[in-house]
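Below is one structure; the comments refer to it alone.
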Amino acid sequence: MSQLNATKVEKYRNHFLREVEANVEEGHWVKMCMQCGVCSGSCPLGPYWEHPPQEIFMMIRAGKREEVLKSSSMWFCTSCYNCIARCPRELPITHIMHGLAHYAKRLGLAPQNQATPKFAQYFWDNLYNGGGRVNELKLGLSLYFMNGLVEGIKTALKMRKIGQGMYFSKRMNPFEIFGGHSCKDSQGLKAALNKAREIEEAKAAQFKG
Amino acid sequence: MAEKKLGAYICKGCGIGERLNTDQLANVATREGKMSFVKQHDFLCNSDGVAMIQADIDAGTVNHLVIAACSRRAKTDAFNFADVAISRANLREGIIWVRPATAEAQETTQEMAEDYIRMGCAEVKFINLPAASNEQSLVRHVLVVGGGFTGLTAALEIAKAGYQATIVEKSASLGGVAAQLHKRIPNCSPFAESQSNGIAELIAQVQGNNNITLHLNSTVTQTSGAPGRFEVKITQESGSTITANFGSIIQASGFKPYDATQLLEFAVGKSPDVVDQLGLEALARQANGGKIKRPSDGKAVQSVLFVQCAGQRSNKPGHLPYCSGHCCLTSVKQAMYFKDSDPNIDAMVVYTELRMPGAGGEDFYRSGQNKGITFTKGVVSEVIPNSGSLTVKFNDLILNEAVKQEFDLVVLATGMVPNSGVNIEEVVAAPEEDKTEAKTATAAPVETKLAAESILNLDYRQGPDIPQLVHGFTDSHFICFPYETRRTGIYAAGPVRRPMDMNQAAEDAAGAALKAIQALENAALGRAAHPRVGDLSFPQFRKEGCTQCKRCTVECPFGAINEDEKRYPLFNEARCRRCGTCMGACPVRVISFENYSVDTVGQAIKAVDMPDEFSEKPRILLLACENDAYPALDMAGMTRQEYSAFVRIIPVRCLGSVNTIWISDALNSGYDGIILMGCQKGDNYQCHFVKGSEIAHYRMSKIDDTLKQLKLETERVKTYEIAITDIQRVPQLINEMANTIAKIGMSPFKF
Amino acid sequence: MTDVVATNQTILVVGGGISGMTAALEAAECGKDVILLEKNPSIGGRVAQLYKYFPKLCYPTCGMEINLRRIKANPKLRVITLAEVTKVTGDAGNYTVDITLQPRYVNNNCTACGACSEAVEAQFANEYNYGLNQRKGAYLPFYMAYPQRYVVDPRIIGTADAEKAKSACKYDAIDLNMSTQNIQLTVGAVIWATGWKPFDANKIQPYGYDRIPNVITSVELERMMDPLGPTDGKILRPSDQKEAKNIAFIQCAGSRDRNYLKHCSRMCCTATLKQTTYVRERYGDAGKSSVYYIDIRAIDRFDDLYQKVKADPNVTFIKSKVANITLDKATGNPILNGVDTEGYHRYNNPHDLVVLAIGMEPSVDFSRLGIDIKVNEHGFIEADPSNGGLFAAGCASDALDVNRAVQHATASALRAIQVVNQVS
């Protein structure tokens, strides 16, 4: 258990709803859900969710902390905003889903083998370490091989034709593997990003919770 | 009354003139109908035609008119003449619109019209113009029984309208249950916060009002009389009694909270920390905005659970089958008591359907959620007292799992039980077999069954309180006429009538106040109350003919008839709704109204020309309730649906007014078939006189004996429940009867 | 019409639906002078368009017949149709009301014989049937219309049809020269019984009312049930006129939703329970109803109906706000997509027909009418002392069922009487 997680568990005990209200972006909206389920039904990725939004809200009220925060569900959110548009109670569901995912990640509870958090992390590392630009080749390969060598080769073979197509249409340069471009003043960008992280963390620490 | 001057007016408009031989109709009216004159007009309902009639009336040449034109339901503005008797022969909707315009149909259609002329003439001859009995007086004073929120509101509304009110309250203080509330649900936007119960202000207003008299520690020990002249004995706890007169009465006797001790599964009585909603109000008043403390040990409550529908909406023995309507709102209000004192208190509501309707309801629900009340769709199965807390077992229906959770306090949303006094149906109702038989031992009806104390102690033949509808509430079964109690001039208001919250009770009190004022104003003029508003006629009976069989007193749906000391019926005109059920009940035919009598209908029946047995022209009598069946027949005409030319239709006030003499007379005079059309009876009755249709059906079930005596087939008499929408069904039923007669043959009783 | 006499003892009732009729009658039967205004050619209002009432499943025209008889018998009550209030000034006990009267083009001579209607050819969408069929350009609004007088549709004025109607009338009842009139009345109190209108279903885009033929509204189903109505009493699918036996009811169609109507319309749950009995009435065991709901708000005594319907094995309740409706082109079936929230079950359920339990919206926007009366955020009139002698009755005050509307209208009649009694 992460130190932060342990702190939060101690602090809120059975009051997961209150924990969410205090720590999760837009979390104070969770109590307004009236369990109509229109968000769950409207989500284009709904069938892949283990727990759809309305159920997550009920689980939060029922104090199912672990189940919610370890759930892969909110990581499926693609920010299409269908749920927000439809919610009869004005809940910013998309934001709450991201807020929950973010909070779970901070607590170290986000699912380890779910593609979205992994991708997000690879994307971020790639950008942050790659001089302000996403190196698509490296990002692609790291995703192919995220589940090990054998899986990676299989995926690469499967994607062969697309790769070839991109190569011939000059959409992909194999030499990017040796470094690739970075933006101007990549150090400046890094400094900016570091500052941003600092501000975010300060903000998180400020939560009453 | 002045001499009857008879005249008939025949309209030739709307195709009547083309389809019918109106000269021949005029002949019939003069020769057979004995009209002193008959006038024909091309367009009787226009200003010229109306002026012609009015001129005749003004000149004194006519005061009893037959208007042979369209239905009595049409052109009412035109044919609206004061102080004359009118019979309308329905040549349009009743004949030319339901008969084909063919040469072969011409003869029977004309015969139909001639009969309607004969019937109209016969009826009008026997109509007398009713006049108020002049026994009335205006008593601008309403008795309000019950000094709770509804009663106080009603009294104040009455006073504001310029009338007097007297409140009789059983207990020592005013305000009833409402006075026990810490706060009430909001009654105006933004419907976000509960508000002061306002009772103290309301009581102050009532006490300061010169038009309101108060009797505390008092009950109504006897109510006799009728609207406009109720005489009420008000008895104090001490035993001293005063008698006062009132024009009308509002019964606002309220409700009792359901006895929660029956709910063993919720540990009621086992733990003081399980309370009902009123129990919680008491705790909240103690706390007075501070932290609510639990009864067991005075610890400030940190977690509270509200159990909705506790002992309600359930068929378990001892539970209430209905929803009490206010409890969802009340629980949200009460959960706010906690949240407002400390947002960190956990307040949870477990419900199956959250019923917070309308604009205010939904706003209040949202406000409750916003304050952090949690709502769980679920069913609570058990409350287990532990040391220091309560374990509650419930099934979360959304997450589909059994849950056990600890709470400091459990509040049960139990229901309302109406204070409706004695259920007179249970006490007085006799077995079906002898419903129409005289019941003699009614003076002291099975005292032991009177578990409930009477509220009104009515000195009425039919029992001491207002009849109940379902679940003990004194509601009526009219959606469009919610104040139709079955005792004229007595209006129930508030939760005794139907489960309701304070907002609705306030409206209900005002509505009942209006009806009470209306009732005393109408009684002062001798006019009937709803639905025959303004009718001045009232039942009269010939004492010398009366056999004291008591059928009229038993069957009156409104308890209008008492018995005098010599056991003769004693009619209370102002209680009467003019349905005529008594007239239908009387085996010796001594009861009649001036404008509606055994004769007005009986003579019309007999006036029909009866072709002989070999004519192949049967005659079918149709007695149609004027509220539903007759309009349906009219609309069958408007939609041009054909039916047999052999039928002769007579509208009746209510099927309950049909006296079996009409049936036996009709059979004896050669009618081949008889149809009776009344309204739906039973639990969902649509009869506007409540029991009329039911009683008529019962009477007709006995008509088979008469038919057998006459050696006639029982198929010749049919009784139906008809709705106003049976526009296609009524012609079918007529035609079915015509077919039946074609099969079984004509009646042998043609003379 | 200009001969209408009114004084500051007169009570004006605006709106001739069940609430307006009730308020007007109850006041008139207390001996007060009452004028009842109706904007349409006939009084009767929304209830006249219902097949049955809940919870008794009886027929609205039954009570209407009684009310019409009360109106016909009461000399204290004047009914003015085709009339709309344009302005109200003054104070309690002394209001001046401007009223615009639209021409009927038919005078008192009309006998309702129907000859004009037969002569006219032009047809228009029938308002009484929510446009489910057509009516003639000269018409009686419905069989129980009061006044029982035909109307000439203003759209045929100036056409040959209007002349045909005129020449078909033997009674000189058609007057094509009638024009709009403005009158002014002095009254003591005004009761607003302006009622409600069904929420515009087109606005609920995910339910495809505008593009999926077999999605209808609850008020349309009421008209379909009328044996003399547009479908002869059959529940027909608009797409292929086949009988619909597997019917979905979607609750809160427009209600309890900040995108549409924020308030709960109260009557829709019980109305749907009632309509499930229609399905059984028509098809017996072959008819199936599925109710998609958030909460079944069959309050107080109406719960009896809920218990009865719940016991019917052919009626299913699904706790779910339906996410959207898609069309199965091959069958014409609407497919309901969503999540049953009780235990999380996804569904894609095809039905023959979908009925939207459409919400209630106040039919008059009082803020636009410029009348000094307190209106809440939902558009309903609030009871407030600042309203003086102006009162709401029925659904102008809140979303109400018929019983509560009548109760409320009766109370409003008293409040108006309190005002005029003070000026006497």
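Chains as they are written, first to last, in my numbering: chain A, 269 to 477; chain B, 21 to 771; chain C, 567 to 990. C-beta atoms are modelled at their ideal positions from N, C-alpha and C, and glycine is treated no differently.
Residues of the region 402 to 422 of chain A with Cβ closer than 8 Å to any Cβ of chain B, in chain order: none
Could you check what DSSP says for residue 983 (chain C) in three-state terms: helix, strand or coil? Here residue 983 (chain C) sits in helix by DSSP.
Under a three-way DSSP split, which group does residue 332 (chain A) fall into? The answer is coil: DSSP assigns residue 332 (chain A) none of H, G, I, E or B.
With 16 other Cβ atoms within 10 Å as the buried cut-off, status of residue 762 (chain C): buried
Could you confirm whether any beta carbon from chain A is found closer than 9 Å to the beta carbon of residue 423 (chain B)? yes
Expressed to the nearest angstrom, what Euclidean distance is found between the alpha-carbon atoms of residue 179 (chain B) and residue 231 (chain B)? 6 Å
What residue range is occupied by the uninterrupted beta strand (DSSP E) comprising residue 392 (chain A)? Here residue 392 (chain A) belongs to no beta strand (DSSP E); instead the alpha helix (DSSP H) covers 383 to 397.
Helix or strand or just coil, what does DSSP make of residue 338 (chain B)? Coil, per DSSP.
Members of the region 766 to 785 of chain C near chain A, C-beta cut-off 9 Å: 772
Among C:619, C:647, C:585 and C:737, which one has its Cα closest to the Cα of residue 34 (chain B)? C:737
Using a Cβ-Cβ distance under 9 Å, would residue 907 (chain C) count as near chain A? Yes, its Cβ sits closer than 9 Å to a Cβ of chain A.
At a Cβ cut of 9 Å, what residues of the region 389 to 407 of chain B count as close to chain A, listed as they run along the chain? 389, 390, 391, 392, 393, 394, 395, 396 and 397
Taking the C-alpha atoms as reference points, what is the distance between residue 475 (chain B) and residue 531 (chain B)? 21 Å
Could you name the residues of the region 174 to 196 of chain B whose beta carbon sits closer than 8 Å to any beta carbon of chain C, in the order they occur along the chain? 177, 180, 181 and 182
With three or more C-beta pairs closer than 8 Å as the rule, is the region 241 to 253 of chain B touching the region 503 to 522 of chain B? yes
For residue 382 (chain B), which residues of its own chain have a beta-carbon under 7 Å away from its beta-carbon, when the five flanking residues on both sides are left out? 376
Restricting to runs no shorter than 3 residues, where is the beta strand (DSSP E) found entirely within the region 340 to 428 of chain B? 366 to 371, 394 to 405, 410 to 416 and 421 to 427
Burial state of residue 797 (chain C) (16 or more Cβ within 10 Å): buried
Once you ignore the five residues that flank residue 937 (chain C) on each side, which residues in its own chain have a CB closer than 6 Å to its CB? 654
Identity of the residues DSSP links to residue 325 (chain B) by a beta bridge: B:368 and B:430
Expressed to the nearest angstrom, what Euclidean distance is found between the alpha-carbon atoms of residue 217 (chain B) and residue 204 (chain B)? 5 Å
C-alpha gap between residue 285 (chain A) and residue 333 (chain A), whole angstroms: 9 Å
Any beta carbon from chain A within less than 9 Å of residue 432 (chain B)'s own beta carbon? no
Just the C-alpha distance for residue 784 (chain C) and residue 651 (chain B), rounded to the nearest angstrom, thanks. If you take the alpha carbons of residue 784 (chain C) and residue 651 (chain B), they lie about 27 Å apart.
Which full runs of the alpha helix (DSSP H) of 4+ residues lie inside the region 540 to 618 of chain B, going along the chain? Segments of the alpha helix (DSSP H) lying fully in the region 540 to 618 of chain B: 571 to 575 and 601 to 605.
Can you confirm whether residue 945 (chain C), when its beta carbon is compared against all beta carbons of chain A, has any partner nearer than 9 Å? no
Taking CB distances under 9 Å as the criterion, tell me whether residue 365 (chain B) reaches chain A. No, residue 365 (chain B) lies away from the interface with chain A (no Cβ there is under 9 Å from its Cβ).
Is the shortest distance between the beta-carbon of residue 592 (chain C) and the beta-carbons of chain B less than 9 Å? Nearest CB-CB separation between residue 592 (chain C) and chain B: below the 9 Å threshold.
Can you find a CB in chain A that lies within less than 9 Å of the CB of residue 890 (chain C)? Closer than 9 Å: yes.
Can you tell me where the alpha helix (DSSP H) with residue 310 (chain A) in it begins and where it stops? Looking at the DSSP string, the run of the alpha helix (DSSP H) that includes residue 310 (chain A) is 306 to 310.
Residues within the region 532 to 545 of chain B neighbouring chain C, beta-carbon criterion of under 9 Å: 532, 533, 534, 535, 537, 538, 541, 542 and 545
Here's a check: name, in chain order, each residue in its chain whose Cβ is nearer than 6 Å to the Cβ of residue 694 (chain C), leaving out the five neighbours to either side. 707 and 708
When you compare the CB of residue 375 (chain B) with every CB in chain A, is at least one pair closer than 9 Å? Taking 9 Å as the CB threshold, residue 375 (chain B) stays off the interface with chain A.
So, at 7 Å on beta carbons, what are the nonlocal neighbours of residue 933 (chain C) in its own chain, with the 5 sequence-adjacent residues on each side left out? 941
Using a Cβ-Cβ distance under 9 Å, would residue 283 (chain A) count as near chain B? yes
Look up residue 253 (chain B) in the DSSP assignment and give the residues it is bridged to. B:242 and B:263
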